[in-house]
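Engineer: With positions in the sequence shown counted from 1, the corresponding number in the numbering used here is that position plus 619.
Dropping the structure in here first, questions after.
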Amino acid sequence: MRSDPADGQTGPPGLVQLCLQAAIGDEYWRVQRRQLACLPEEAANELLRALVEQRRISPPQLELFRHSATSVHLGGPGITPAWLAALGSFTALHELRLQRCTKLRDAALQQLVSLAPSLRFLDLQGCSGLGDGAVPTLAQLTQLVDLDLAGTGLGAAAVASLVPALIQLTALDLSDLPVDDACCTALAQLLQLRRLRLASTAVGDSGMGALEALPALASLDVSFTEVHAPPALTTLRQLSMVHCALGAVDDSPQEAVWLQIGCTLPHLEELELASTTLQPPNGDRLLRQLVAGAAGSLRRLDLHSSAIGGDLSMLAGASALTWLNLAGTRVSDHDLADLALLPLQWLSLADTGAGDQGVAQLLAMPLLELNLSNTRAGDGSWPVLAQLPLHKLDLSSTKVTCSNLPDGA
């Protein structure tokens, strides 16, 4: 078991990792019932995860970890009801992830009821065999704080009926479900909810109005929906509206709230608007109000392939912005002047009309990563590029060569 930089371990494996590696290397662990029961929870969780990933454990052998493991990750069509039956004897299970377990049906979840006192995190993403019949069981898991139902077979009415039993939820993922505005009204009961994903659902502007009753909501994803204006929630710190259409063709009460009252999201830190279109007559105005209203807090902005025009003046006051994706937009050299004083560390201008004059506008930025692929940049960009503190630079499909490379660049 080698240390993984993604886990924050960049050096040689420690003593615990070496012990786990030795344990996995033979079959001795199968008869060490007492020793496994005494394992620290982190070691037990890691050992069990490795055994599952390597397919070296079967449902009956899960029982060996019932007193030590607090987190179990099972996934894929190979997970059958027998695995859930084995989990029923666990005494302190805190987290259970069952992603893409397509063979599971509603009845199989009944095995989880005994876990209700300790279970806090339940991930059923992609368990497409689960439907409305799972609600009675899920409603008994009243201590859940994080629930992922994305890609299951639950309907809107079933989700709405489940809400009153799970009022402790702080995170909920309902992506790829047929939930609608009426379901959003039910979700407004979850007063502790901080993260909500409604991507690829049937929610619209009326649902956004209902969500304004959530006093703690900090992260919202309504990508690939008919939402034209986000909820006016000053608590929001993350908002994703990928592939949405800002501004309504017809009159929208939610849009009216923004435009008439002048709503802002003053604490917004991350905004994803990739592939967003701007519906006339108010789409462009709504975009500018959304971005400018978060100018003091916005750190990350994704406008990749969005329908923004060349005017970037709305970003001129974004004093906290360090990450900006303008790839595939209509920005030109002249437009980049509005970015000149921003504290950007990451910038993509790929597939835009940016050229040498536009690159010159970047000179004062503390850029560490810059993507100029498929732009008009040429060798005239080198004097500026050589002065930037870049760690990563993409010049693919440009006219830049090394013939005019400055000394030391």
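No residue lacks a Cβ here, since even glycine has one placed at the ideal position from N, Cα and C.
P850 to G828, Cα distance in whole Å?
Structural biologist: Cα to Cα, the separation comes out at about 6 Å.
Engineer: Which class does L637 belong to by DSSP, given the choice of helix, strand or coil?
Structural biologist: Interpretation of L637 is limited by its pLDDT of 48, a score under 50 that renders its predicted location unreliable; the figure taken from the coordinates is listed afterwards. Three-state DSSP puts L637 in a helix.
Engineer: Run through DSSP, which three-state label would L909 get?
Structural biologist: Correct three-state label for L909: helix.
Engineer: Assuming Q898 and L865 form a contact by the criterion Cβ under 8 Å, report the distance between their Cβ atoms to the nearest whole angstrom.
Structural biologist: Right, the Cβ-Cβ distance comes to about 7 Å (below 8 Å), so this counts as a contact.
Engineer: If G1085 sits next to R716, beta carbons under 8 Å apart, how far is it from one beta carbon to the other, in whole angstroms?
Structural biologist: This structure cannot speak to residue 1085, because the chain is shown only from 620 to 1028.
Engineer: Please specify which runs of the alpha helix (DSSP H), each continuous and at least 4 residues long, are wholly inside the region 841-870, giving them in chain order.
Structural biologist: Complete alpha helix (DSSP H) runs here, min 4: none at all.
Engineer: Excluding the five sequence neighbours on either side, which residues of its own chain have a C-beta within less than 6 Å of the C-beta of R621, listed in chain order?
Structural biologist: For R621, the pLDDT reaches just 39, beneath the cut-off of 50, and the residue's location in the model is therefore unreliable, leaving the point undetermined.
Engineer: Please go through the region 796-829 and give each complete alpha helix (DSSP H) segment of 4 or more residues, from N-terminal end onward.
Structural biologist: Those alpha helix (DSSP H) runs which fall completely within the region 796-829 and span 4+ residues are 800-806.
Engineer: Please state the DSSP three-state secondary structure of Q879.
Structural biologist: Q879 falls in the helix class under three-state DSSP.
Engineer: Could you tell me the distance, in whole angstroms, from the CA atom of L982 to the CA atom of P1008?
Structural biologist: Their backbone Cα atoms lie some 10 Å apart in a straight line.
Engineer: Mapping DSSP to helix, strand and coil, what is N1037?
Structural biologist: A question about residue 1037 goes unanswered here, because the residues of the chain that appear run from 620 up to 1028.
Engineer: Would you mind stating whether A835 and L810 have Cβ atoms separated by less than 8 Å?
Structural biologist: Yes, the Cβ-Cβ distance between A835 and L810 is below 8 Å.
Engineer: Does the beta-carbon of Q908 have 16 or more other beta-carbons within 10 angstroms, so that it is buried, or is it exposed?
Structural biologist: It counts as buried.
Engineer: Pair every Cβ in the region 880-898 with every Cβ in the region 910-923, then say whether three or more of these pairs are closer than 8 Å.
Structural biologist: Because the criterion of three Cβ pairs below 8 Å is met, the region 880-898 and the region 910-923 touch.
Engineer: If we ignore side chains and look at the alpha-carbon of each, how far apart do Q729 and L666 end up?
Structural biologist: Near 26 Å, if we compare the C-alpha coordinates of L666 and Q729.
Engineer: In whole angstroms, what separates the C-alpha of L968 from that of D725?
Structural biologist: One C-alpha to the other measures close to 48 Å.
Engineer: Count the other CB atoms within 10 Å of the CB of H1096; is the residue buried (16 or more) or exposed (fewer)?
Structural biologist: Residue 1096 lies beyond the residue range present for the chain, which begins at 620 and ends at 1028; the question has no answer from this structure.
Engineer: Of all Cβ atoms in chain C, is any one closer than 8 Å to the Cβ of L892?
Structural biologist: Among the protein chains of the structure shown there is no chain C, as only one such chain exists.
Engineer: Give me whichever residues DSSP pairs with W965 in a beta bridge.
Structural biologist: DSSP, once it has assigned bridges, lists W942 and E988 as partnering W965.
Engineer: Helix, strand or coil: how does DSSP classify F684 here?
Structural biologist: Helix, per DSSP.
Engineer: Just the C-alpha distance for A818 and L791, rounded to the nearest angstrom, thanks.
Structural biologist: For A818 and L791, the distance between alpha carbons rounds to 12 Å.
Engineer: Around the C-beta of T689, are 16 or more other C-beta atoms found within 10 angstroms, so that it is buried, or is it exposed?
Structural biologist: T689 should be labelled buried.
Engineer: In terms of DSSP beta bridges, what is E1062 paired with?
Structural biologist: Residue 1062 lies beyond the stretch modelled for the chain, which goes from 620 to 1028, so this question has no answer here.
Engineer: Look at the alpha carbon of L986 and the alpha carbon of Q718, and state the distance between them as a whole number of angstroms.
Structural biologist: Roughly 38 Å between the two C-alpha positions.
Engineer: Under DSSP, the beta strand (DSSP E) around D765 begins and ends at which residues?
Structural biologist: Unbroken beta strand (DSSP E) run through D765: D765 to D767.
Engineer: What whole-angstrom Cβ distance do T948 and S925 have, given they're in contact under 8 Å?
Structural biologist: That pair is a contact at about 6 Å.
Engineer: Please name the residue, chosen from L815, G997, T994 and A1005, that lies closest to M984 on a Cα-to-Cα basis.
Structural biologist: Closest by alpha carbon: A1005.
Engineer: Does E661 come out as helix, strand or coil in the three-state DSSP assignment?
Structural biologist: E661: helix per DSSP, three-state reduction.
Engineer: Taking C1030 as the reference, which of L738, A753, A735 and L723 has the closest Cα?
Structural biologist: Absent from the structure is residue 1030, since the part of the chain shown begins at 620 and ends at 1028.
Engineer: Would DSSP call D957 helix, strand or coil?
Structural biologist: Three-state DSSP puts D957 in a helix.
Engineer: Rounded C-beta distance between V764 and L788? I'm assuming under 8 Å.
Structural biologist: Indeed, because the Cβ distance is near 6 Å, the residues count as touching under 8 Å.
Engineer: Got a sec, what are the start and stop residues for the beta strand (DSSP E) L890 sits in?
Structural biologist: Taken as a continuous stretch (DSSP letters only), the beta strand (DSSP E) holding L890 covers E889 to E891.
Engineer: Mapping the DSSP letters down to three states, classify D792 as helix, strand or coil.
Structural biologist: DSSP places D792 in strand when its eight states are reduced to three.
Engineer: Based on the DSSP secondary-structure assignment, which residues constitute the bridge partners of K1011?
Structural biologist: DSSP lists E988 as partners of K1011.
Engineer: Indicate whether S1015 and S1000 have their beta-carbon atoms separated by less than 8 Å.
Structural biologist: Going by C-beta atoms, S1015 is not nearer than 8 Å to S1000.
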